[in-house]
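Note that the working numbering has the sequence shown beginning at 14, numbered continuously upward. Glycine included, every Cβ here is placed at the ideal spot set by N, Cα and C. For reference, the structure is listed below as structure tokens.
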Amino acid sequence: MAGIYVHIPFCKSRCVYCAFYSVVCRREKSSDGHRDELMGRYISVLTKEIQLKKDIYRNFEFNTIYFGGGTPSLLNVSELEFVINTIKENCKVGRVSEFTIEANPEQLSFDYCRQLKHLGVNRLSIGVQSFDGDTLKFLGRRHSPEDAFKAVDNAKKAGFENISIDLIYGINERSDSIWKEELENARQLEMNHFSAYALTLEENSILYKRVKANRHEALDEGLAKRQYDILAGFSAKNGFLHYEVSNFAKGGYESRHNSSYWFGVPYAGFGVAAHSFDGRMRMWNAPNMNDYFTDIENGRRFSGQEKLSEYDKFNEYVLLRLRTAKGINLFEATELFGAKKVEYLQTCFREGVDRRHFEADGSSIRLTQEGLWFADGIASAIFLTE
Ligand code: SF4
Numbered sequence: 014m015a016g017i018y019v020h021i022p023f024c025k026s027r028c029v030y031c032a033f034y035s036v037v038c039r040r041e042k043s044s045d046g047h048r049d050e051l052m053g054r055y056i057s058v059l060t061k062e063i064q065l066k067k068d069i070y071r072n073f074e075f076n077t078i079y080f081g082g083g084t085p086s087l088l089n090v091s092e093l094e095f096v097i098n099t100i101k102e103n104c105k106v107g108r109v110s111e112f113t114i115e116a117n118p119e120q121l122s123f124d125y126c127r128q129l130k131h132l133g134v135n136r137l138s139i140g141v142q143s144f145d146g147d148t149l150k151f152l153g154r155r156h157s158p159e160d161a162f163k164a165v166d167n168a169k170k171a172g173f174e175n176i177s178i179d180l181i182y183g184i185n186e187r188s189d190s191i192w193k194e195e196l197e198n199a200r201q202l203e204m205n206h207f208s209a210y211a212l213t214l215e216e217n218s219i220l221y222k223r224v225k226a227n228r229h230e231a232l233d234e235g236l237a238k239r240q241y242d243i244l245a246g247f248s249a250k251n252g253f254l255h256y257e258v259s260n261f262a263k264g265g266y267e268s269r270h271n272s273s274y275w276f277g278v279p280y281a282g283f284g285v286a287a288h289s290f291d292g293r294m295r296m297w298n299a300p301n302m303n304d305y306f307t308d309i310e311n312g313r314r315f316s317g318q319e320k321l322s323e324y325d326k327f328n329e330y331v332l333l334r335l336r337t338a339k340g341i342n343l344f345e346a347t348e349l350f351g352a353k354k355v356e357y358l359q360t361c362f363r364e365g366v367d368r369r370h371f372e373a374d375g376s377s378i379r380l381t382q383e384g385l386w387f388a389d390g391i392a393s394a395i396f397l398t399e
């Protein structure tokens, strides 16, 4: 089992909180002409990369596909089809249990949704972020609240039942009552999955620069934690499983692709800045368009790679597992890292972690809802160094 990730690094403008690599591209899906040149070249290099790496992944069978970005929904259907066909021709694609495309609301017309369905896409991850007009403006999003409702409606009418939306909370001056309204709007859409992220200051984001230049106040962590608590209460009351720090699903709708990543399943990443993992080695592509084009056009398959040390594997395992509701399975951890490391883990929790933040029995250690808020800090205090 393995997953495929394809990075589409184009956006129509930059959102203030975002630090992902993407290039601003102003075209509409239906247009062509000189403004599309870069995107056209990208698709051509991307498909060349897939062919170039054919041998590396010949022993993997891929069961999930995820187009992320950037904004994959800026691609028109024939471009998407071309990439998908190249994947099928060069990778062993088995029964695909989940095929997700990230999409921005303003691009999800009924026709586009229908065509995506026809291509085999069975899950949409829609970048709603907020249903409040002022909040959307502050975040630098291009869509309106109405676009968000319409996008979900179009997706449902086109036959999608596996739809996820992203929401952002912890935004200064957006009160708890606005956050409750956001969640109520999500509930009314009868979603089976949503992701909710606390706003963070990502280095290189527009917001980070504004805060550094004193043009925006620092983020209010107390507000973010209070809204996380509201979120946790909302998900429990409405039957969502809080299965990862930022992810919530009705039974059976947990994201398979993302879960595979959290549980250490190999994945092949294609596109600029994409990372791959074959179970032993981590490989990555160049982080900017020029270097990526040069690498692939010269037959260079990766920009860099590293073999994970035992310490890296342990630390990553602790970090990713603690962020999930399942937590650390002690039998699995013993098999992977040996009894001594598991004893070390248990001692760390017994002696160093607040009792309200975790639950432990003989078979697993899991963070409580309260503890999940501190997951990254708890994990990093456990990390081993060489
Ligand atoms: S949040 Fe999404 S749409 Fe906005 S700049 Fe980042 S990748 Fe682009």
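Q: Taking only heavy atoms of the ligand SF4 into account, decide whether any of them is closer than 8 Å to the Cβ of Y30.
A: Locating residue 30 in the sequence shown gives position 17, where the first residue counts as 1. For the ligand SF4, at least one heavy atom lies less than 8 Å from the Cβ of Y30.
Q. Considering only C-alpha positions, which residue in the set E230, H255, E92 and F350 is nearest to D242?
A. For the purposes of this step, residue 242 is taken as residue 229 along the sequence shown, with counting starting at 1. With distances taken between Cα atoms, D242 lies closest to H255.
Q) Can you round the beta-carbon distance between L236 and G183 to whole angstroms, since I take them to be within the 8 Å contact cut? A) Reading the sequence shown from its first residue, position 223 is the one you call residue 236. Reading the sequence shown from its first residue, position 170 is the one you call residue 183. The Cβ separation is near 6 Å, so the contact holds.
Q) Helix, strand or coil: which one does DSSP assign to K320? A) Translated into positions along the sequence shown, residue 320 becomes position 307. It is a strand residue.
Q) For G107, which of helix, strand or coil comes out of DSSP? A) Taking the sequence shown and counting its residues from 1, one reaches residue 107 at position 94. Strand, per DSSP.
Q. Do you know offhand how far R379's Cα is from R136's?
A. Working through the sequence shown from its first residue, we reach residue 379 at position 366. Working through the sequence shown from its first residue, we reach residue 136 at position 123. Approximately 29 Å, taken between the alpha carbons.
Q) Taking DSSP as the reference, what is the three-state secondary structure of S273? A) Within the sequence shown, numbered from 1, the residue matching residue 273 stands at position 260. When DSSP states are grouped into helix, strand and coil, S273 belongs to the helix group.
Q) Where does R336 land, buried or exposed, given buried means 16+ other C-beta within 10 angstroms? A) Counting from one through the sequence shown, the residue named residue 336 turns up at place 323. Its Cβ being crowded by 16 or more others within 10 Å, R336 is buried.
Q) Would DSSP call D147 helix, strand or coil? A) Here residue 147 corresponds to residue number 134 of the sequence shown, with the count starting at 1. Helix.
Q | Residues of its chain near K61, where Cβ-Cβ distance is below 8 Å and the 5 sequence neighbours each way are ignored | A | Locating residue 61 in the sequence shown gives position 48, counting from the first residue. Answer for K61: I309 and E310, listed in chain order.
(Q) Which of the three DSSP states is assigned to F283 in this structure? (A) By 1-based counting over the sequence shown, the position of residue 283 is 270. Looking at F283 - three-state DSSP - the assignment turns out to be strand.
Q: Tell me whether S330 is buried or exposed, calling it buried when 16 or more other Cβ atoms sit within 10 Å of its Cβ.
A: On the sequence shown, position 317 is the one that residue 330 refers to. In the sequence under discussion, the amino acid at residue 330 is Tyr, which differs from the Ser named in the question. The residue in question, Y330, is buried, as its Cβ has 16 or more Cβ neighbours within 10 Å.
Q.
Distance check for P85 and G284, CA to CA, integer angstroms please.
A. Taking the first residue of the sequence shown as 1, we reach residue 284 at position 271. Taking the first residue of the sequence shown as 1, we reach residue 85 at position 72. Going by the C-alpha atoms only, they are around 12 Å apart.
Q) Is it the case that the Cβ atoms of Y305 and V36 are separated by a distance below 9 Å? A) Locating residue 305 in the sequence shown gives position 292, counting from the first residue. Locating residue 36 in the sequence shown gives position 23, counting from the first residue. No, these two residues do not count as a Cβ contact at 9 Å.
Q) Which residues bound the alpha helix (DSSP H) around T360? A) For the purposes of this step, residue 360 is taken as the residue at position 347 of the sequence shown. Taken as a continuous stretch (DSSP letters only), the alpha helix (DSSP H) holding T360 covers A352 to G365.
Q. Hey, would you say the C-beta of R223 is under 8 Å away from at least one heavy atom of the ligand SF4?
A. As a first step, residue 223 is located in the sequence shown; it is residue number 210 there, counting from the start. Distances taken from the Cβ of R223 to the heavy atoms of the ligand SF4 include none shorter than 8 Å.
(Q) Taking only three categories from DSSP, how would you classify N301? (A) As a position in the sequence shown, residue 301 is number 288, starting the count at 1. Coil.
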